[in-house]
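S.K.:
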Ligand code: SF4
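Numbering (the numbering used here), first residue to last: 2 to 397.
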């Protein structure tokens, strides 16, 4: 007899759960059986936790009292604690600083979707106060990728988050929304390289999309990578290309990309582009290319044309993100003309290209900036990055 619905025709191989938030109904069934309880209670427990957002067994009112008592031993201290919050004065973006049990700090951000974005998506007129949210979550404490323009990269990797800690961010994010607000998208664009923490990522994707839990649509989830090629292949195979893929590219030549993103030495552009061609995209979907425009470094028309050539024949859209200043990193914000000209070249070349609006810029919304300050108290973090990048073809 089955007690939980099958989510995937061929579910990815999953590592063991690390806590209770990342346990699937089939795993709850085994726990309940060991307590002498009928396994059909598993879906009820899973629904209380993930669909209704309740983790106090005393409030799980449709379970027998004896089971609620037993569950108090299994459902313990939350794996993350909210220790800070910044609210943007410019929009409803809120950034939360969360502390792990071993006292590292990570970030998650709740970002309101733009009204036109929601309406274009077929939802019709939506009142401002009911606009859905996108949550940006972290997958690691710091990051090993060392991108020259990123606060998380400055700190280096401290440790990977487990699946429970990844899911806990979403659980907390939902609980912090007002009753009329809802979470619509989850983007793995916070601290860390998600595909370098694949086991925890895959388990969190299966839990977050489970129909008896939050039930997020797979196309509502975006995994953003700096170009971890084996992870791109694995994600495509395990989730049949249905999870949205975003790639931080930031440069169209190996020479420049290696300077900005050291991962390019391990997986150069040729290998990365081949992996994008292999990604099993469903019809009418596109891979998102993230390109941070840094004044005088990667924003020239010549590089825009290089990018156009590089992406030819791949179903992509490009998000241009004007550089968001970080304390201690001396890059320049690109000029308005440079951004416009870069966008025009890509659009005229047939690539849908959008300028990404900076949300919550007044609260350090770029990934890792807030946690960097907190973790800097625990480790010595060099608050400097080489700013001597002068690529061969950086100027027009
Ligand atoms: S941009 Fe992403 S991959 Fe690069 S250092 Fe920052 S968190 Fe890591």
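Beta carbons: idealized from backbone N, C-alpha and C, even for Gly.
Residue 119 and residue 110 - do their beta-carbons sit closer together than 9 Å?
M.R.: Position 109 of the chain shown holds residue 110. Position 118 of the chain shown holds residue 119. Contact: no.
S.K.: Please classify residue 177: does DSSP put it in a helix, a strand, or coil?
M.R.: Residue numbering aside, residue 177 sits at position 176 when the chain shown is read from its first letter. Residue 177 falls in the coil class under three-state DSSP.
S.K.: Apart from the five residues just before and just after residue 45, which ones in its own chain have a Cβ nearer than 7 Å to its Cβ?
M.R.: Counting from one through the chain shown, the residue named residue 45 turns up at place 44. Taken in chain order, the residues that qualify are 63 and 64.
S.K.: If distances are taken between C-alpha atoms only, which option among 25, 71, 51 and 100 comes closest to residue 35?
M.R.: Along the chain shown, read from residue 1 onward, the residue named residue 35 stands at position 34. The shortest C-alpha separation from residue 35 is found at 71.
S.K.: Find out if the Cβ-Cβ distance for the pair residue 193, residue 137 is shorter than 9 Å.
M.R.: Your numbering for residue 193 matches position 192 in the chain shown. Your numbering for residue 137 matches position 136 in the chain shown. No, Cβ-Cβ distance for residue 193 and residue 137 is not below 9 Å.
S.K.: For a quick check, are the C-beta atoms of residue 139 and residue 108 less than 9 Å apart?
M.R.: Start at 1 with the first residue of the chain shown, and residue 139 comes out as number 138. Start at 1 with the first residue of the chain shown, and residue 108 comes out as number 107. Yes, Cβ-Cβ distance for residue 139 and residue 108 is below 9 Å.
S.K.: Does the beta-carbon distance from residue 202 to residue 212 come in below 9 Å?
M.R.: Taking the chain shown and counting its residues from 1, one reaches residue 202 at position 201. Taking the chain shown and counting its residues from 1, one reaches residue 212 at position 211. No, Cβ-Cβ distance for residue 202 and residue 212 is not below 9 Å.
S.K.: Whole angstroms is fine: what's the gap from residue 350's alpha carbon to residue 82's?
M.R.: Reading the chain shown from its first residue, position 349 is the one you call residue 350. Reading the chain shown from its first residue, position 81 is the one you call residue 82. Between residue 350 and residue 82, the C-alpha separation is close to 47 Å.
S.K.: From residue 159 to residue 142, what does the alpha carbon distance come to, in whole angstroms?
M.R.: The sequence position of residue 159 within the chain shown is 158, counting from 1. The sequence position of residue 142 within the chain shown is 141, counting from 1. Each residue's alpha carbon lies about 5 Å from the other.
S.K.: Is there a Cβ of chain D sitting closer than 9 Å to that of residue 29, yes or no?
M.R.: Looking for chain D here will not work: only one protein chain is present.
S.K.: Would you mind sorting residue 168 into buried or exposed? The rule is 16 or more other CB atoms within 10 Å of its CB.
M.R.: Counting from 1 along the chain shown, the entry for residue 168 is found at position 167. Buried is the call here.
S.K.: On the DSSP bridge list, what partners appear for residue 86?
M.R.: Position 85 of the chain shown, counted from the first residue, corresponds to residue 86. Note: residue 86 sits in a beta bridge opposite 97.
S.K.: Assuming residue 199 is part of the alpha helix (DSSP H), what are its boundary residues?
M.R.: Working through the chain shown from its first residue, we reach residue 199 at position 198. Looking at the DSSP string, the run of the alpha helix (DSSP H) that includes residue 199 is 199–209.
S.K.: With distances taken from each beta carbon to the nearest heavy atom of ligand 1, which residues come in below 5 Å, in chain order?
M.R.: Going along the chain, the residues that qualify are 144, 146, 148, 151, 153, 154, 194 and 227.
S.K.: How is the beta strand (DSSP E) around residue 77 delimited, first residue to last?
M.R.: Locating residue 77 in the chain shown gives position 76, where the first residue counts as 1. From DSSP, residue 77 is part of no beta strand (DSSP E); its letter is neither H nor E.
S.K.: When we look at the beta-carbon of residue 2 and count the other beta-carbons within 10 Å, is it buried (16 or more) or exposed?
M.R.: For the purposes of this step, residue 2 is taken as residue 1 along the chain shown, with counting starting at 1. Model confidence at residue 2 stands at a pLDDT of 38, short of 50, so the residue's coordinates are unreliable; what they give is reported in the following sentence. Answer is exposed; the Cβ neighbour count stays below 16.
S.K.: Measuring alpha carbon to alpha carbon, tell me which residue in 92, 241, 257 and 132 is nearest residue 179.
M.R.: Numbered from 1 along the chain shown, position 178 holds the residue referred to as residue 179. The shortest C-alpha separation from residue 179 is found at 132.
S.K.: Taking C-beta to C-beta, are residue 311 and residue 344 nearer than 9 Å?
M.R.: The residue you call residue 311 lines up with position 310 of the chain shown. The residue you call residue 344 lines up with position 343 of the chain shown. No, they are not a contact pair.
S.K.: Counting C-beta neighbours from all protein chains within 10 Å, is the total for residue 18 16 or more, i.e. buried, or is it exposed?
M.R.: Against the chain shown, residue 18 aligns to sequence position 17. The residue is buried, with at least 16 neighbouring Cβ atoms inside 10 Å.
S.K.: Going by Cα to Cα distance, which pick from 276, 309, 260 and 306 is closest to residue 298?
M.R.: For the purposes of this step, residue 298 is taken as the residue at position 297 of the chain shown. With distances taken between Cα atoms, residue 298 lies closest to 260.
S.K.: Between 25, 33, 38 and 37, which has its C-alpha nearest residue 50's C-alpha?
M.R.: As a working mapping, residue 50 is identified with position 49 in the chain shown. Among 25, 33, 38 and 37, the Cα nearest to that of residue 50 belongs to 25.
S.K.: With distances taken between CB atoms, is the gap from residue 286 to residue 220 smaller than 9 Å?
M.R.: If you number the chain shown from 1, residue 286 lands on position 285. If you number the chain shown from 1, residue 220 lands on position 219. Cβ atoms of residue 286 and residue 220: closer than 9 Å.
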